[in-house]
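Chains as they are written, first to last, in my numbering: chain A, 1 to 364; chain B, 1 to 345. Step one of this worksheet: look at the structure below.
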């Protein structure tokens, strides 16, 4: 498969590994931001192949994992209202609220549908003018442009029965939060390639400068990841701070200006709670006043929701790189994909799920 | 204006509740849709049961119900699946499939032309597989009470003498063989359902495997285990085998045949082809020394041309399937969790 096979080429991967082994003299801890990268690292066993002095810790870049429980509860309440069609990306359906998940809501009669794009949800709204169609708009900067586009389109066409339950978050504020934590162990970042495709890498330059660290936008295939790790290691060994791109075939410094324009037209920056981490200032996106008619939170008054998290779940520490999933006492015991205590065990991109899926047994 | 007394409408274009009521319309459905295709000496009796001679030895009996949506997909339809699926379930036990029954639950409003096409495919598949459909039943439910058509098929066959295949038979060092590319059926259905179009269409692999299975057993009767990896794909089937036999299975990622377009669709949907359903593929566990001969027979068969040795049974990590990556690392191949969920980004 073109554009895939060459980045899964064992020869190139092994050559990069050799180079990393040669260059890495000191002990380094690198965080990959994106859950998709975590998944690929675990699937391909890249962590097993790295020299023992290069450690990977896994970042908060899994939209399902950081969506607050309160949003899930709100979605469950809205979905159970008569006349509502709740639409969502598939991953969100299995995330448990306090008592059930959206799959269970569906089995109880709620109309919950999996879509691949918010524009599909908008089409459902066009096709069902007598129903309220709500899209659960979660994600990072990658999903924000399309989610913004759906709202803008709904406004243009006057599709009054469409709304979004928004839980959008952004990467740079999360990086700052992680680096500012007294327990921080991260010395360099692999930035998420898809986020950078939209946002470019310009916005990482101040972070890299302020904290004196290397930030390297990287892709998702083994060769992409290893090229990114090599670059971070080289920068760490030479004491270089700044942003260097290891995903040139997708990412440019400016990103995608058109996508950012739509995002900025529809959304504005606001404080946002992250599941397991807490409120990170100026880290989320909410609908602008002009589009507030499409805000499901305003359209559906569900009253006050205060869900409680499992006291055993330490996903917040996992998401900030303080703890590896397998170091959590509940991992593989009280907490498995069939009995998840936190979203990091539910989502296919969650670090705990990736550890469980590919390496739950330490002998493998 | 003169009104004449209207005669009841007897020729319908869609399934009516009366088609299942046992009266004239039921008879019409049988005569017009089912019998022209399925006619045989057993069904012609129009009795409530089929009576047939048996052979000495052990019999095998299996049943399965088919609810696939959409009914028609590239490479096949629900009728072909219903026949091939039960034929395969019998054959992977070392049985020669003989007779099938077919039970239909029809939703009011199903176009009769679609029903006829499905029945025609069933007849064709049965003929190709060398089995006879000897008993049948039809029920009609109101619109909304089922999804167009559900089909149950059950089948009987006789078990070949000297053959002992079982999921508990796996031994360390056994070879793990797959009969061809994996994930074709599930991806054909998923891409049709999601309206994804690719440069080349992905076709279901639905096929009756009894011919190939018995060709293998003719040469190597000592096959340890056989399974057709349907729902849950190769990942689910191998996990079941490893756990039933309390052994480990180790796969080589680079040896597993996956069609290019299936890989592409799986990438796009974020789904592992190992967990995707097949409807015309066979997994065989054979003694290491027999692997070459088994592959030779399979390569000569139309459904086994791309057969490949994909791994081996090991006396380690019991109950677990482990993949060796092309980079030299290893990972667990998990039992799939449930419904396949497309990823977010």
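Heads up, the beta-carbon is just placed ideally off N, CA and C, and yes, glycines get one too.
- Task: Answer yes or no: the CB of residue 45 of chain B versus the heavy atoms of the ligand FAD, is any distance below 8 angstroms?
- Result: Absence of the ligand FAD is noted for the structure shown, with no ligands found whatsoever.
- Task: Helix, strand or coil for residue 144 of chain A, going by three-state DSSP, please let me know.
- Result: Correct three-state label for residue 144 of chain A: helix.
- Please name the residues in the segment 306-340 of chain A whose beta-carbon is closer than 9 angstroms to at least one beta-carbon of chain B, in chain order. Here the close residues are 337, 338.
- Query: Skipping 5 residues on each side, what residues in its chain have a beta carbon closer than 8 angstroms to that of residue 25 of chain B?
  - Reply: Same-chain partners within the cutoff: 10, 12, 16, 18, 19.
- Message: Taking 8 angstroms as the limit between beta carbons, can you name the residues of its chain near residue 66 of chain B, skipping five residues before and five after?
- Response: 78, 81, 82, 85, 150, 151, 152, 153, listed in sequence order.
- Message: On the CB-based measure, 16 or more other CB atoms within 10 Å of its CB, does residue 4 of chain A come out buried or exposed?
- Response: With fewer than 16 Cβ atoms within 10 Å of its Cβ, residue 4 of chain A is classed as exposed.
- Message: If contacts are defined as beta-carbon pairs under 8 angstroms, then residue 310 of chain B and residue 241 of chain B qualify, I think. What distance do you get, rounded to the angstrom?
- Response: Their Cβ separation, rounded to whole angstroms, is 13 angstroms, which puts residue 310 of chain B and residue 241 of chain B out of contact at 8 angstroms.
- Query: Mind pulling the chain B residues with CB within less than 7 angstroms of residue 222 of chain A?
  - Reply: Residue 222 of chain A reaches chain B at 327, counting residues in chain order whose Cβ is nearer than 7 angstroms.
- Message: Measuring alpha carbon to alpha carbon, tell me which residue in A/45, A/348, A/322, A/41 is nearest residue 184 of chain A.
- Response: For the residues A/45, A/348, A/322, A/41, the minimum Cα distance to residue 184 of chain A belongs to A/322.
- Listing by chain order, which chain A residues have their CB less than 8 angstroms from the CB of residue 337 of chain B? Annotation: Cβ neighbours of residue 337 of chain B in chain A (cutoff 8 angstroms, chain order): 337, 338.
- Grouping DSSP H, G and I as helix and E and B as strand, with all else coil, what is residue 66 of chain B? Strand, per DSSP.
- Message: Within a Cβ cutoff of 6 angstroms, which residues of the same chain sit near residue 35 of chain B, ignoring the five residues on either side of it in sequence?
- Response: Excluding sequence neighbours, residue 35 of chain B sits near nothing in its chain.
- Report buried or exposed for residue 162 of chain A, applying the criterion of at least 16 other Cβ atoms within 10 angstroms of its Cβ. Flag for residue 162 of chain A reads buried.
- Query: Quick one, are the C-beta atoms of residue 134 of chain B and residue 101 of chain B less than 9 angstroms apart?
  - Reply: In contact: residue 134 of chain B and residue 101 of chain B (Cβ atoms closer than 9 angstroms).
- Query: Is it true that the CB of residue 168 of chain A sits closer than 9 angstroms to the CB of residue 285 of chain A?
  - Reply: The Cβ-Cβ distance between residue 285 of chain A and residue 168 of chain A falls below 9 angstroms.
- Query: Under three-state DSSP, which class holds residue 58 of chain A?
  - Reply: If DSSP states are grouped into helix, strand and coil, residue 58 of chain A belongs with the strands.
- Report yes or no: do three or more beta-carbon pairs, one from the segment 52-61 of chain A and one from the segment 262-271 of chain A, lie closer than 8 angstroms? Output reads no: the segment 262-271 of chain A does not touch the segment 52-61 of chain A.
- Other residues of its chain near residue 235 of chain B: CB distance less than 6 angstroms, five sequence neighbours each side excluded: If you ignore the 5 residues before and after residue 235 of chain B, its C-beta comes within less than 6 angstroms of the C-beta of 274, 275, 333, 336, all in its own chain and listed in chain order.
- Task: Quick one: residues in its chain with C-beta nearer than 7 angstroms to the C-beta of residue 70 of chain B, no 5 flanking neighbours on either side, listed in chain order?
- Result: Here the set comprises 192, 193.
- Item | Residue from A/357, A/232, A/127, A/276 whose Cα sits closest to the Cα of residue 20 of chain A | Out of A/357, A/232, A/127, A/276, A/232 has the C-alpha closest to the C-alpha of residue 20 of chain A.
- Query: Can you find a C-beta in chain B that's less than 9 angstroms from the C-beta of residue 255 of chain A?
  - Reply: Closer than 9 angstroms: no.
- Item | Straight-line gap, residue 364 of chain A to residue 355 of chain A (C-alpha atoms, nearest Å) | Residue placement at residue 364 of chain A is flagged as unreliable, the pLDDT there being 49, under the threshold of 50; the coordinate-derived value follows with that caveat. Straight-line Cα distance between these residues: approximately 11 angstroms.
- Name the residues in the segment 260-284 of chain B whose C-beta lies less than 8 angstroms from a C-beta of chain A; which are they? For the segment 260-284 of chain B, the set of positions with a beta-carbon nearer than 8 angstroms to some beta-carbon of chain A reads 260, 263, 264, 267, 270 in chain order.
- Item | Interface partners of residue 13 of chain A on chain B, CB under 9 angstroms | Neighbours of residue 13 of chain A in chain B, taken as residues at a C-beta separation under 9 angstroms, are given in chain order as 326, 327.
- Message: Within a Cβ cutoff of 7 angstroms, which residues of the same chain sit near residue 92 of chain A, ignoring the five residues on either side of it in sequence?
- Response: Here the set comprises 64, 102, 136, 138.
- Message: Below 8 angstroms on C-beta distance, what does residue 194 of chain B contact in chain A?
- Response: Within 8 angstroms Cβ-Cβ: 116.
- Query: Quick one: is residue 201 of chain B near chain A, going by C-beta distance under 9 angstroms?
  - Reply: No - not a single Cβ of chain A is within 9 angstroms of the one on residue 201 of chain B.
- Under the three-state reduction of DSSP, which class applies to residue 363 of chain A: helix, strand or coil? Summary for residue 363 of chain A: the model assigns pLDDT 48, below 50, so the residue's position carries little reliability, and this model does not support an answer.
- Whose Cβ in chain C lies nearer than 7 angstroms to the Cβ of residue 43 of chain A? Of the protein chains in this structure, namely A and B, none is chain C.
- Message: Could you compute how far the alpha carbon of residue 155 of chain B sits from the alpha carbon of residue 125 of chain B?
- Response: Distance between the alpha carbons of residue 155 of chain B and residue 125 of chain B: 14 angstroms.
- Task: Would you mind reading off the limits of the alpha helix (DSSP H) that contains residue 37 of chain A?
- Result: Looking at the DSSP string, the run of the alpha helix (DSSP H) that includes residue 37 of chain A is 35-43.
- Query: Alpha carbon to alpha carbon, how far is residue 128 of chain B from residue 161 of chain B?
  - Reply: The C-alpha of residue 161 of chain B is placed about 24 angstroms away from the C-alpha of residue 128 of chain B.
- Item | Rounded separation between residue 254 of chain A and residue 31 of chain A - CA only | Taken atom to atom, the span from the alpha-carbon of residue 254 of chain A to that of residue 31 of chain A is near 23 angstroms.
- Task: Return the first residue and the last residue of the alpha helix (DSSP H) that residue 208 of chain A is part of.
- Result: Where residue 208 of chain A is concerned, the enclosing alpha helix (DSSP H) stretches over 205-211.
- Have a look at B/266, B/287, B/206, B/316 and flag the residue whose alpha-carbon is nearest the alpha-carbon of residue 72 of chain B. Looking at B/266, B/287, B/206, B/316, the one whose alpha-carbon comes closest to that of residue 72 of chain B is B/206.
- Message: Tell me which residues share the same chain as residue 236 of chain A and place their Cβ nearer than 7 angstroms to its Cβ, disregarding the 5 neighbours each side in the sequence.
- Response: Excluding positions up to five away in sequence, the list reads 28, 187, 188, 214.
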